[in-house]
Amino acid sequence: MKFTKMHGTGNDYVYVNLFEETISDISDAAIRVSDRHFGIGSDGLIAIAPSDVADCRMIMYNADGTEGAMCGNGIRCVAKYAYDHDIAKKEHMTIETKSGIKTIDLTVENGKAAYAKVNMGKAILDPKKIPVKAEGDTFISQEIMVGDKPYTVTCVSMGNPHCVVFTEGIDTLDLEKTGPEFEHHPLFPDRINTEFVEVIDEHTLKMRVWERGAGETISCGTGTCASTVAAVLNGYCPHGEEIAIQIRGGVLYDTYLENGDVVMRGPAVEVFHGEWRE
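Residue numbers are given in numbering that gives the first Met the number 0: position 39 of the sequence shown equals residue 38, and the series is strictly consecutive.
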């Protein structure tokens, strides 16, 4: 199985071109290739497949073998791969995902796609659709008990569920303890991705993330989008203006538009090619 290792702000996946390759069991392959000691090493596996409704289709699996609905960093890399490898040689393209069709605009440098701006679609705030076991139309600035501590949280779906916590001193947080407590909290029937966010100013956020099925990662594109939405809803940041989100893998730039769409801008990097022999 030929593959390409790529990353978006350090959120790294193994990419497989299903226009040319076949995988009998993607879930099992994701577990094995993602292992950082005995495999290739990644946050998961993303397959790039033909689509009847878009230029190509993204199939995403986490490192634990569970299927994901959407990955913001991953879709930028899919767009770069599609452009650089002639699957869709155009700077404006569409990609089918489990959470809908996304539109991408590429910035090309020296004949290669370097940056991608993705319309991630509308932020979902209805607790039933996130899902969160709660009544009401939204779950914004609500206090919950996690472990033995109260947290004020805002929940958003960007095609996958997110719980955003605004706090200070995020560099010293023990995410290995707190992350699983959020992920497996009974309030979240499908588990949850959790962002711990520090507000620097009205156009700058700093974020750490615990991803369901992957643990702490140094970047999460849907997580920065959810954090931007939550920051606007809680009055920390303005609607319709680009927000810089500092993550351990770099910086992503997100905008929560007045119509409810979220636009994400960031880099996509190809690291190396190889062949996985089972």
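All residues carry an ideal CB built from backbone N, CA and C; glycine is no exception.
Give me, in chain order, the residues of the same chain whose beta-carbon lies closer than 6 Å to that of residue i; leave out the 5 immediate sequence neighbours on both sides.
i, result
"Cys-70", "Met-59"
"Ile-139", "Thr-153 and Leu-232"
"Pro-149", "Glu-142"
"Asp-30", "Checking the sequence, you will find Ile at residue 30 rather than Asp. Cβ within range, chain order: Gly-64."
Are the Cβ atoms of residue i and residue j separated by less than 7 Å?
i, j, result
"Asp-54", "Met-0", "no"
"Ser-98", "Gly-43", "no"
"Ile-39", "Val-13", "yes"
"Ser-33", "Ala-62", "yes"
"Ala-353", "Val-164", "No answer is possible for residue 353: it lies beyond the span of the chain, which begins at 0 and ends at 277."
"Leu-186", "Val-131", "yes"
Identify which residue in the options has its Cα closest to the Cα of residue i.
i, options, result
"Gly-259", "Glu-240, Ala-87, Ala-48 and Val-52", "Glu-240"
"Leu-17", "Tyr-252, Asp-11 and Ile-25", "Ile-25"
"Thr-254", "Pro-266, Thr-227 and Tyr-235", "Thr-227"
"Gly-234", "Glu-274, His-202 and Pro-49", "His-202"
In the DSSP assignment, find the unbroken alpha helix (DSSP H) run with residue i in it and report its ends.
i, result
"Glu-175", "174-182"
"Cys-76", "71-83"
Mind checking who residue i pairs with in its DSSP beta bridge?
i, result
"Asp-63", "Note: Asp-63 sits in no beta bridge, so no partner."
"Ile-217", "Per DSSP, none; premise fails for Ile-217."
"Lys-205", "Glu-197 and Gln-245"
"Asn-16", "Ile-47"
"Met-144", "Pro-149"
Starting from the C-beta of residue i, find all residues in its chain whose C-beta is less than 7 Å away, skip the five residues before and the five after it, and write them out in chain order.
i, result
"Arg-211", "Glu-182, Arg-190, Ile-191 and Asn-192"
Could you give the residue range of the beta strand (DSSP E) that holds residue i?
i, result
"Arg-264", "260-266"
"Ala-112", "111-121"
"Ile-25", "Ile-25 -> not in any beta strand (DSSP E); alpha helix (DSSP H) instead, spanning 25-33."
For residue i, collect the residues of the same chain with a Cβ closer than 8 Å to its Cβ; drop the 5 residues on either side in sequence, then sort them by chain order.
i, result
"Glu-257", "His-238 and Gly-239"
"Gly-120", "Ser-98, Gly-99, Lys-101, Met-157, Gly-158, Asp-260 and Val-261"
"Ala-81", "Ile-47, Asp-54, Cys-55, Ala-87, Met-92 and Ile-94"
"Lys-128", "Ser-156"
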